[in-house]
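Participant: This is the structure I have questions about; it appears just below.
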Amino acid sequence: MGTAGRADQEGQRQLERGAQLMIEAFCGLPGAGKTYLMTRLAVKKMKKGHRVYANFPLKGAIRYTQIEELFEIKRQPGEKRSPVILIDEAGLIAPAGAWKAIPFDVMAHWRQHRHAGVNIWYTAQDLRDVAVPLRRVTQFVNYVSKFGPIIKWRTINPTNKGKYGSGFTWFDKSVAEQYDSFAENVERQNYLKGV
Numbered sequence: 001m002g003t004a005g006r007a008d009q010e011g012q013r014q015l016e017r018g019a020q021l022m023i024e025a026f027c028g029l030p031g032a033g034k035t036y037l038m039t040r041l042a043v044k045k046m047k048k049g050h051r052v053y054a055n056f057p058l059k060g061a062i063r064y065t066q067i068e069e070l071f072e073i074k075r076q077p078g079e080k081r082s083p084v085i086l087i088d089e090a091g092l093i094a095p096a097g098a099w100k101a102i103p104f105d106v107m108a109h110w111r112q113h114r115h116a117g118v119n120i121w122y123t124a125q126d127l128r129d130v131a132v133p134l135r136r137v138t139q140f141v142n143y144v145s146k147f148g149p150i151i152k153w154r155t156i157n158p159t160n161k162g163k164y165g166s167g168f169t170w171f172d173k174s175v176a177e178q179y180d181s182f183a184e185n186v187e188r189q190n191y192l193k194g195v
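Counting from 1, one number per residue, gives the positions in the sequence shown under UniProt numbering.
Given below as structure tokens:
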């Protein structure tokens, strides 16, 4: 196995932190590959039997449009795999400038994701675009960038700035064909309609 293969495998192991229930962010500029990387990991989770919920068109995932639709999602007794909730463009779902409009139930859902047995992964162009109640419970941030066909990331803990590794992967067209990143996919949340 070449150096690139080893780096890709090690990076994947760092991103696939096992059975821990997390809230993770994938941040980067438009076109950097943040939705691609999140989708790549979600596709692997689906192949292992995880239920995946997404607010964008993703083959095999259960589609949702409003955050409130997710409140009842829980890991069921006897279920071996934790559900994964994907939020593309969290800065539009939970914008930093409108955090006061976000209902308590939505914030409680984020804070108590471990009690429900779910992982929450989201993308944002910049972590500061995301409302403080979600930022504060984000355990890891994956900063994503792209160089030609290579998608790179480095992972940090946003609270203590601890570095948790980095990695890269080659762009795989079969992963990109699983979702539509150009769809009008982020529906305005009901709680933001008056904002």
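Cβ atoms here follow ideal geometry from the backbone N, Cα and C, with glycine treated the same way. Small disclaimer: the values here were computed from a predicted structure and weren't measured.
Quick check on Pro83: buried or exposed, where buried means 16 or more other Cβ atoms within 10 Å of its Cβ?
Facilitator: On the sequence shown, position 83 is the one that residue 83 refers to. Buried: at least 16 other Cβ atoms inside 10 Å.
Participant: Are three or more beta carbon pairs between the segment 130–141 and the segment 35–55 nearer than 8 angstroms?
Facilitator: Output reads no: the segment 35–55 does not touch the segment 130–141.
Participant: For Thr155 versus Lys161, is the C-beta spacing smaller than 9 angstroms?
Facilitator: Residue mapping note: residue 155 aligns to position 155 of the sequence shown, counting from 1. Residue mapping note: residue 161 aligns to position 161 of the sequence shown, counting from 1. No, these two residues do not count as a Cβ contact at 9 angstroms.
Participant: Once DSSP output is grouped into helix, strand and coil, what is the label at Tyr36?
Facilitator: As a working note, residue 36 is residue 36 in the sequence shown. In this structure, Tyr36 counts as helix in the three-state DSSP scheme.
Participant: Mind checking which residues open and close the beta strand (DSSP E) that includes Arg154?
Facilitator: What you label residue 154 is simply residue 154 of the sequence shown in a count that begins at 1. It spans Ile150 to Ile156 - the beta strand (DSSP E) in which Arg154 sits, taken as one unbroken run.
Participant: Considering only their Cβ atoms, is the gap separating Ile87 from Asn55 smaller than 9 angstroms?
Facilitator: Here residue 55 refers to the residue found at position 55 when the sequence shown is read from its first residue. Here residue 87 refers to the residue found at position 87 when the sequence shown is read from its first residue. Going by C-beta atoms, Asn55 is nearer than 9 angstroms to Ile87.
Participant: Can you tell me whether Val118 is buried or exposed? The criterion is at least 16 other CB atoms within 10 Å of its CB, across all chains shown.
Facilitator: Your numbering for residue 118 matches position 118 in the sequence shown. Classification for Val118: buried.
Participant: Under three-state DSSP, which class holds Leu29?
Facilitator: Start at 1 with the first residue of the sequence shown, and residue 29 comes out as number 29. Three-state DSSP puts Leu29 in coil, outside helix and strand.
Participant: Which residue marks the beginning of the alpha helix (DSSP H) containing Ala108, and which one marks its end?
Facilitator: Looking up residue 108 in the sequence shown gives position 108. Its alpha helix (DSSP H) spans residues Phe104 to Arg111.
Participant: Using 8 angstroms for Cβ pairs, my map puts Trp121 next to Ile150. What's the rounded Cβ distance?
Facilitator: Start at 1 with the first residue of the sequence shown, and residue 121 comes out as number 121. Start at 1 with the first residue of the sequence shown, and residue 150 comes out as number 150. Contact doesn't hold; Cβ gap of about 21 angstroms is too wide.
Participant: When DSSP builds the beta bridges, which residues end up paired with Thr169?
Facilitator: The residue you call residue 169 lines up with position 169 of the sequence shown. In the DSSP output, where bridge partners are listed per residue, Thr169 has Ile151.
Participant: Just the Cα atoms here: how many angstroms apart are Pro57 and Asp180?
Facilitator: Stepping through the sequence shown from its first residue, residue 57 is reached at position 57. Stepping through the sequence shown from its first residue, residue 180 is reached at position 180. Answer to the nearest angstrom: the Cα atoms are 6 angstroms apart.
Participant: To the nearest angstrom, how far is the alpha carbon of Ala25 from that of Asp126?
Facilitator: If you number the sequence shown from 1, residue 25 lands on position 25. If you number the sequence shown from 1, residue 126 lands on position 126. Whole-angstrom Cα-Cα distance: 10 angstroms.
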